[in-house]
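Working notes for the structure below.
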Amino acid sequence: MVIKRLFFLLFFLVLIQHILFSEYIKEEIKDYKKHLETTKQELKKIREKINEEKKAIIKEKQQEKLTTKYLQKIEREIDIAKKELDVFDNNVKVLNKDIEEIENRIKKTNEYIDKKRNVVKNILREQYIKGQFNVLSVILGAKNFSDFINKYKFTKILSSKNLLEIERYRTAVMQLEEDKNLMLNYKNEIEEIKRQKKIQWESYKNVKWEKRLALKNIRSNIEKRTKVINELEENSKNLADFIDKLEIQATLQDKSAEEAFNRFKGKFPWPVKSRNILSGFGKYKHPKFGTTVYNRGIHIATNYGEDVNSIFKGTVKYADWFDGFGKMVIIHHGGGYYSIYGHLSEISVGKGQNVDMREKIGQSGDTESFYGSELYLEIRKKSTPLDPLKYLAR
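Residue numbers (the numbering used here): 234 to 627.
Laid out in structure tokens, this is it:
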């Protein structure tokens with residue numbers, strides 16, 4: 234009878250324990266589903282953000298197309314302006330040559346006029362000295378009356394002829410001077426047009442340079458946006474998928490681990506000696522692409538090969554290379570809490586290994602790092618990243 238009662242008592246206790254454990258598991262699953270839904274919402278926001286970036290890339294490409302067409306137009310305008318400048322340069326050279334030729338003709342004509350003027354001066358001087366045609370001298374020197382008339386006429390005609398020739402050459406010089414002035418005025422007009430065309434040409438060149446720079450920036454922005462989207466999308470997706478797999482494999486047990494984790498909040502030991510933060514939690518400027526992205530952890534500057542220790546006890550769930558994070562270790566601390574250590578040079582633990590707080594798990598390095606030697610530290614509650622600085626000792 235006593236044995237029967239003991240049997241029923243044990244059966245009842247086992248039943249109660251099973252019911253309580255089932256309720257506990259249901260509660261854990263409910264909590265997990267809640268976080269899973271939150272993660273889906275975050276994933277939806279990320280995808281919306283990616284779509285926004287893709288739309289921005291489409292706009293950038295449209296702008297790239299318009300700028301390229303405008304550049305082609307400017308380059309044609311520069312080519313036309315250059316050809317016009319060449320024509321103007323040639324015209325100026327021809328005009329300079331013509332002006333030089335006219336100036337030589339003017340110089341020779343003036344020299345001839347001076348020569349003729351001296352001849353007339355000499356004749357007039359002689360006539361003045363001898364008197365007006367020195368009629369007596371002419372009469373006495375003449376053989377007869379007819380010879381006298383001829384000598385008188387010759388002297389007069391000689392003076393008149395020289396004067397007429399001087400006048401004719403002087404008129405020619407005036408015409409040459411007028412032609413020269415016309416050419417100089419034409420040359421000045423061409424020089425002015427050439428000057429304005431050169432200003433236009435230089436302006437086109439400046440616009441071309443500005444548009445090329447703008448096009449370069451547009452293409453650089455497209456490249457940066459594309460690379461950032463691809464890199465962050467790929468790395469975040471891989472890490473999120475990986476942690477989701479860990480969550481599925483993890484046992485929903487032991488809330489005391491979560492309570493202990495919360496109890497140490499603000500008192501966790503730093504994983505390395507250094508406390509020099511290269512990049513904090515949240516938004517930051519990407520060192521490679523120069524764009525603002527969301528940082529799910531912190532980057533700590535370290536000496537290469539510095540010991541890296543676990544910030545809390547737990548079980549190693551991953552210890553190997555991971556795209557974007559180099560050599561990486563993930564430790565599950567219980568209660569859905571994880572700590573992630575990236576860019577290690579060496580890994581000292583293996584998957585499934587239990588580690589204590591402050592136990593060495595590897596050495597700092599620069600594998601797949603944009604900063605050089607560093608440690609990337611991330612703390613997650615299931616798939617939600619948390620600010621490590623709120624957990625590390627102040």
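Don't be surprised by glycine CBs; every beta carbon is placed ideally from N, CA and C. This one's a predicted model, so the numbers in the text were calculated from it and none came from an experiment.
When H566, A534, I544, I564 are compared, the shortest CA-CA separation from F603 is found for A534. For I544, there is no enclosing beta strand (DSSP E), as DSSP marks it with neither H nor E. Shown here, F555 sits in a strand according to DSSP, grouped into three states.
With a 10 Å radius around the Cβ and a threshold of 16 neighbouring Cβ atoms, Q596 comes out buried.
The DSSP-derived three-state label of N587 is strand. Of I455, K294, E334, the smallest CA-CA separation from E410 is found for E334.
Rounded to the nearest whole angstrom, the CA to CA distance from N351 to E344 is 11 Å. Here Y570 carries a strand assignment [DSSP, helix/strand/coil]. Per DSSP, the unbroken beta strand (DSSP E) holding G595 starts and ends at 593-597. According to the DSSP assignment, E611 belongs to the beta strand (DSSP E) that extends over 607-614. N542 is classed as buried because its beta carbon has at least 16 other beta carbons within 10 Å across all chains shown.
Using a Cβ-Cβ distance cut-off of 8 Å, the stretch 566-576 and the stretch 604-615 are in contact, since at least three pairs of beta carbons, one from each stretch, lie closer than that value.
For a cut-off of 8 Å, the C-beta gap from K584 to K560 is around 13 Å, too long to register as a contact. Per the C-alpha coordinates, the member of D347, I339, D556, I563 positioned closest to N463 is D556. A Cβ-Cβ contact shorter than 9 Å links S578 with T600.
In the structure shown, S453 falls within a helical segment according to DSSP collapsed to helix, strand and coil. N337 carries a helical assignment under DSSP once its states are collapsed to helix, strand and coil.
Beta-bridge analysis with DSSP links K560 to W554, L577.
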